[in-house]
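Have a look at the structure below, then the notes.
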Amino acid sequence: MSSSTFFGISELSYFIAMATYIGYIAFRKKAIGVTATTITIFGFLNQSIALLIRWVDSYYFWVASTPATTFIESILRAAPLRNLYESLVFFVWSLVLIHLIMEFKYKNRTMGAFTMPVAALALAFIDISGTSKEIQPLIPALQSNWLLFHVLLSFLGYAAFGVSFGTAAAYLVMVTDSRKEKSYIFWTIIIGVFLVILIAMGVDFFSLTSAQRDELIQSYFLKATFRSQSGSIVAVSWVTAAVFIFVIWRFGLGLKKILTSLSITPGMLDEITYKSIAIGFPLFTIGGLLMGAIWANSAWGKYWTWDPKETWSLITWFVYALYLHARFVAGWRGKRVAILAVIGFVAVIFTYLGVNLLLSGLHAYGG
Amino acid sequence: MEDKEKKDIFDRIWNFLASVKLAVFVLITLALSSIIGTIVEQRAEPATNIKLLSKFFSDDTAPTVFNIFVKLGFMDMYHSWWFVSLLVLFSINLIVCSLERFPKTLRLVKSPLKPLSENAIKTLPVKKEVRVKTNLKTARDEVFNSLTAAKYNVSEATEENAVQLYSQKGRYTRLGVYIVHLSILLIFIGAIIGARFGFRGFLNLPEGDTSSVAYASGGKVFPLGFAVKCNWYNTKYYSEIDMPQEFQSELVIIDGGREVVKKTIEVNDPLTYKGITFYQSSYGMVPNAIGDFILRVAPAGGQEKELRLGTGESFEISGTNIKGTIVNFSPALTRDRNTGALTSYSENMVNPAVAIELDEPGKDKYVAWFLNRYPERGYLEDGSYIKFQDYWGVEYTGLQVAKDPGVGIIYFACIIMTLGLYAAFFMSHKKLWVRLTSEKGFVRIAIGGSASKNRLSLERDIEKMLSKASQAIEERHPEKK
Numbered sequence: 287m288s289s290s291t292f293f294g295i296s297e298l299s300y301f302i303a304m305a306t307y308i309g310y311i312a313f314r315k316k317a318i319g320v321t322a323t324t325i326t327i328f329g330f331l332n333q334s335i336a337l338l339i340r341w342v343d344s345y346y347f348w349v350a351s352t353p354a355t356t357f358i359e360s361i362l363r364a365a366p367l368r369n370l371y372e373s374l375v376f377f378v379w380s381l382v383l384i385h386l387i388m389e390f391k392y393k394n395r396t397m398g399a400f401t402m403p404v405a406a407l408a409l410a411f412i413d414i415s416g417t418s419k420e421i422q423p424l425i426p427a428l429q430s431n432w433l434l435f436h437v438l439l440s441f442l443g444y445a446a447f448g449v450s451f452g453t454a455a456a457y458l459v460m461v462t463d464s465r466k467e468k469s470y471i472f473w474t475i476i477i478g479v480f481l482v483i484l485i486a487m488g489v490d491f492f493s494l495t496s497a498q499r500d501e502l503i504q505s506y507f508l509k510a511t512f513r514s515q516s517g518s519i520v521a522v523s524w525v526t527a528a529v530f531i532f533v534i535w536r537f538g539l540g541l542k543k544i545l546t547s548l549s550i551t552p553g554m555l556d557e558i559t560y561k562s563i564a565i566g567f568p569l570f571t572i573g574g575l576l577m578g579a580i581w582a583n584s585a586w587g588k589y590w591t592w593d594p595k596e597t598w599s600l601i602t603w604f605v606y607a608l609y610l611h612a613r614f615v616a617g618w619r620g621k622r623v624a625i626l627a628v629i630g631f632v633a634v635i636f637t638y639l640g641v642n643l644l645l646s647g648l649h650a651y652g653g
Numbered sequence: 065m066e067d068k069e070k071k072d073i074f075d076r077i078w079n080f081l082a083s084v085k086l087a088v089f090v091l092i093t094l095a096l097s098s099i100i101g102t103i104v105e106q107r108a109e110p111a112t113n114i115k116l117l118s119k120f121f122s123d124d125t126a127p128t129v130f131n132i133f134v135k136l137g138f139m140d141m142y143h144s145w146w147f148v149s150l151l152v153l154f155s156i157n158l159i160v161c162s163l164e165r166f167p168k169t170l171r172l173v174k175s176p177l178k179p180l181s182e183n184a185i186k187t188l189p190v191k192k193e194v195r196v197k198t199n200l201k202t203a204r205d206e207v208f209n210s211l212t213a214a215k216y217n218v219s220e221a222t223e224e225n226a227v228q229l230y231s232q233k234g235r236y237t238r239l240g241v242y243i244v245h246l247s248i249l250l251i252f253i254g255a256i257i258g259a260r261f262g263f264r265g266f267l268n269l270p271e272g273d274t275s276s277v278a279y280a281s282g283g284k285v286f287p288l289g290f291a292v293k294c295n296w297y298n299t300k301y302y303s304e305i306d307m308p309q310e311f312q313s314e315l316v317i318i319d320g321g322r323e324v325v326k327k328t329i330e331v332n333d334p335l336t337y338k339g340i341t342f343y344q345s346s347y348g349m350v351p352n353a354i355g356d357f358i359l360r361v362a363p364a365g366g367q368e369k370e371l372r373l374g375t376g377e378s379f380e381i382s383g384t385n386i387k388g389t390i391v392n393f394s395p396a397l398t399r400d401r402n403t404g405a406l407t408s409y410s411e412n413m414v415n416p417a418v419a420i421e422l423d424e425p426g427k428d429k430y431v432a433w434f435l436n437r438y439p440e441r442g443y444l445e446d447g448s449y450i451k452f453q454d455y456w457g458v459e460y461t462g463l464q465v466a467k468d469p470g471v472g473i474i475y476f477a478c479i480i481m482t483l484g485l486y487a488a489f490f491m492s493h494k495k496l497w498v499r500l501t502s503e504k505g506f507v508r509i510a511i512g513g514s515a516s517k518n519r520l521s522l523e524r525d526i527e528k529m530l531s532k533a534s535q536a537i538e539e540r541h542p543e544k545k
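Sequence lines, in order, name chains A and B.
The opening position of the first sequence corresponds to residue 287 in my numbering, with each subsequent residue numbered one higher.
The opening position of the second sequence corresponds to residue 65 in my numbering, with each subsequent residue numbered one higher.
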């Protein structure tokens, strides 16, 4: 079987697992929880096999064009982390891995209902962004032993931040109870914008001809809606988005009712948010910033150039550093730190995707 | 009175500089202001950013906004006075708050652990109590052994009918955060040294040329102290597609009139000599250059020979009567889809090809194209071959030239930051108090502990220690089974 078959199975499993986790917190039956975990593990194994097959395929692809490299070097060069598609798949894999580790470590299944939707959103993003799934040759800038470690650690960090985003957002849902509250307005807008962008990308996808889909996503990102040539389409898009976010704001309190009826406490969510950031921050600092700087120095002769990708990862780092100091030294608690955790992940998404989609720079290969 | 006031002001400033409020302010301001420089293109031509601004403002106001932005330093923001000041404030905050807190932490780390009363042990965040059928001496020894085996640093206090073992491990992990702070400062120091004493420039070196200088972006000349020569430049493509696999140059360092180093550099694999590093960064065609055609020819089964020829020059494949004359060159040969005619699709050497007029015995003269990227197509009917190695002397290699004496400090900072982060986030300072009380043939073991973080791991430590000790105790009393 090919890697795409296994990947398809894992994708389906994650969506079913997400629904099952939500079912688990709704009915609080242990059997449902065990089923959710089992499906997640099944999906994870399938995705691991898919990644491995892709790695092996890439190995032969690499060896065919460069027979001279050593075995170890060829394996490193074949790591399936070359473009946006592969990095997104790897992000989902890391996220599920971190989720499973946290679930077993804290013996708490409820968080699956918050982290699996993030995984599902990322999968949906992969499909509607229409990124190329072909195995591509490795460009010279990426031919370095740092590629694997830099991307591996950064993504485990991103994934841990992803978990903290899910739990921090859920925390905000649980502790706000008036539409006028700033924290409530904050979370409804953030979640609203996320969904709007995802839907807009879906519109992109369906309005494209198949030839256009082969182009880089940068060339058509949001071109069917917010960045359309036609002014009226742009106007309609903004109005629709505003109405959509308004609806979320108007009916968002219902979500709180659902969550409170379940066996989740805000304290638990706050704890998981912190633990995930405490794992993500060192991984991201070491893998993303430090290794990235060392690699940049060996490739371009400068460890730091204030390139947009670098700057945005530094911004992300500032936000999480702020979270840690606010919580531990300044004694911030509750909504304020949860908002920081959410902003932190918005910065992660911008670092990871926004920079590549909207800005230009050295780091132009979707990773 | 006046002195006291002065001291007050000094204290106030000191406390402000050490405060977490300042840290919060600096982190937020740095994060927000950094965004500007990722949107406004840095050190770009004015027109680029005026065009960008006209998307947000009207065409008339865009140049005005641009001028305001220039005044604010947004066009080279990360080097503007206010951004650098923020970084300085960030460093001062880091230094002062570390100086303020470090002695306290150090005292905490250094202060000896004390035994606790039984009641105090019971109030610790993690606790457990068991009764084991054994004597006090055996229990004490085995608990001691298992604590030591788990790398706890154990002290002992004896009471009437009771022994207390109090222990800790990982106390120095509390210093991890200061190591991280220190490493950030080291990065700044490394960056300052690099900016002050380093050099960053470029050098476009045509094939065959030698240079003893490099150029900074303003055209300033930087003497290398030795000479560098480019033997050749080559773009290697993945077979069949026009996607570069590698950009390569062979460089030779000439120092004191001698060739001292020769290396083929690639992206990610530069050449360093006497602290100056040459990075493969770009390439291009030298305008109006005339080069040499380098061919490798051999008769069927015979010795290969390398030839260097100009346009119009002829050669003969030794041992055969085949003659060739170079008649044409294309940097990127292709067949036009519509007309079928041969044409060049790029100015760059994407698919270099040489046309050779061949004169074989018993045949009419004909012209054949030999492609550099497809040498296997160079075989003639009789088994001899002509391979087009290079059109040499028409390309230049674009080198990034850098000297950065601060890089060593940066790398050192990276290493200690990694260690500091590991200590600060993945290790914890754990303390365990074990009180063993003798009770009529039994020993009651009361355990209590605290951890600077990760309580779960402390709980695991206790479980492990207990099971190990009780197993060992059982083995010592086989008759009681």
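We put the CB at the ideal spot given by N, CA and C, even for glycine.
Please read these numbers as outputs of a predicted model, since none were measured by experiment.
From residue i to residue j, what distance separates their C-alpha atoms?
i: Ser534 of chain B; j: Val194 of chain B; result: 10 Å
i: Ala487 of chain B; j: Phe480 of chain A; result: 36 Å
i: Asn385 of chain B; j: Phe263 of chain B; result: 57 Å
i: Lys70 of chain B; j: Val160 of chain B; result: 19 Å
i: Leu362 of chain A; j: Ser219 of chain B; result: 49 Å
i: Val349 of chain A; j: Thr355 of chain A; result: 8 Å
i: Gly254 of chain B; j: Ala278 of chain B; result: 23 Å
i: Gly578 of chain A; j: Phe208 of chain B; result: 46 Å
i: Thr125 of chain B; j: Trp598 of chain A; result: 29 Å
In or out: residue i buried (at least 16 other Cβ within 10 Å) or exposed?
i: Asp400 of chain B; result: exposed
i: Thr403 of chain B; result: exposed
i: Pro425 of chain B; result: exposed
i: Pro426 of chain A; result: buried
i: Met307 of chain B; result: exposed
i: Gln232 of chain B; result: buried
i: His245 of chain B; result: buried
i: Gly355 of chain B; result: buried
Could you work out which residues of chain A lie near residue i, taking near to mean beta carbons separated by less than 8 Å?
i: Met413 of chain B; result: Near Met413 of chain B there are no residues of chain A at all, since even the closest Cβ is about 16 Å away, more than 8 Å.
i: Thr482 of chain B; result: Ile572 and Leu576
Which two residues bound the contiguous beta strand (DSSP E) that contains residue i?
i: Glu380 of chain B; result: Ser378 to Glu380
i: Leu500 of chain B; result: Lys494 to Glu503
i: Glu323 of chain B; result: Arg322 to Glu330
i: Gln453 of chain B; result: Tyr449 to Trp456
i: Pro308 of chain B; result: Pro308 to Asp319
i: Pro287 of chain B; result: Val285 to Tyr301
i: Glu392 of chain B; result: Looking at the sequence itself, residue 392 of chain B is Asn, so the reference to Glu does not match. It spans Lys387 to Ser394 - the beta strand (DSSP E) in which Asn392 of chain B sits, taken as one unbroken run.
i: Lys509 of chain A; result: Looking at the DSSP string, Lys509 of chain A is not in any beta strand (DSSP E), and its letter there is neither H nor E.
In chain B, which residues lie less than 7 Å from residue i when you measure between Cβ atoms?
i: Val349 of chain A; result: Residues of chain B passing the Cβ test: none, with the nearest at roughly 13 Å.
i: Pro423 of chain A; result: Tyr302, Met307 and Gln309
Give the residues of chain A in contact with residue i, contact being defined as C-beta atoms less than 9 Å apart.
i: Gly464 of chain B; result: For the sequence presented, residue 464 of chain B should be read as Gln rather than Gly. Neighbours of Gln464 of chain B on chain A, chain order: Trp586, Gly587 and Lys588.
i: Thr169 of chain B; result: Those within 9 Å of Thr169 of chain B in chain A number zero; the least Cβ separation is about 12 Å.
Whose Cβ in chain B lies nearer than 8 Å to the Cβ of residue i?
i: Phe631 of chain A; result: Correct list: empty, because the minimum Cβ distance to chain B is about 14 Å.
i: Leu645 of chain A; result: Thr102 and Ile103
In the DSSP assignment, the alpha helix (DSSP H) including residue i goes from what residue to what residue?
i: Gly578 of chain A; result: Met577 to Trp586
i: Tyr242 of chain B; result: Gly240 to Phe261
i: Arg524 of chain B; result: Arg519 to Arg540
| message | Short of 8 Å Cβ to Cβ, which residues in the region 291–303 of chain B face chain A? | response | If the cut-off is 8 Å between Cβ atoms, the region 291–303 of chain B has Tyr302 and Ser303 near chain A.
| query | When Cβ atoms are compared, which residues of the region 95–129 of chain B fall closer than 9 Å to chain A? | reply | Taking 9 Å as the Cβ-Cβ cut-off against chain A, the residues of the region 95–129 of chain B that qualify are Ala95, Leu96, Ser98, Ile99, Gly101, Thr102, Ile103, Glu105 and Gln106.
| message | Under 7 Å, CB to CB, which of the residues in the region 600–628 of chain A have a partner in chain B? | response | If the cut-off is 7 Å between Cβ atoms, the region 600–628 of chain A has Leu600, Ile601, Phe604, Val605, Ala607, Leu608, His611, Ala612, Val615 and Ala616 near chain B.
| request: Quick one: which residues of the region 427–456 of chain A get their C-beta closer than 7 Å to a C-beta of chain B? List them in chain order. | output: Those would be Ala427, Gln429 and Ser430, in chain order.
| request: Mind checking the region 315–335 of chain B against chain A and listing, in chain order, the residues whose C-beta falls within less than 9 Å of any C-beta there? | output: The residues in question are Glu330, Val331, Asn332, Asp333 and Pro334.
| said: By the 9 Å beta-carbon criterion, what residues does the region 349–364 of chain A contribute toward chain B? | reply: If the cut-off is 9 Å between Cβ atoms, the region 349–364 of chain A has Ala350, Ser351 and Thr352 near chain B.
| Got a sec: which bits of the region 519–536 of chain A sit with their beta carbon under 9 Å from any beta carbon on chain B, in order along the chain? | Flagged: no residues at all.
| Against chain A: residues of the region 133–160 of chain B by CB proximity under 7 Å | Correct list: Tyr142.
| request: Give, in chain order, every residue of the region 341–352 of chain B whose Cβ lies closer than 9 Å to some Cβ of chain A. | output: Hits within the stretch, in order: Thr341, Phe342, Tyr343, Gln344 and Ser345.
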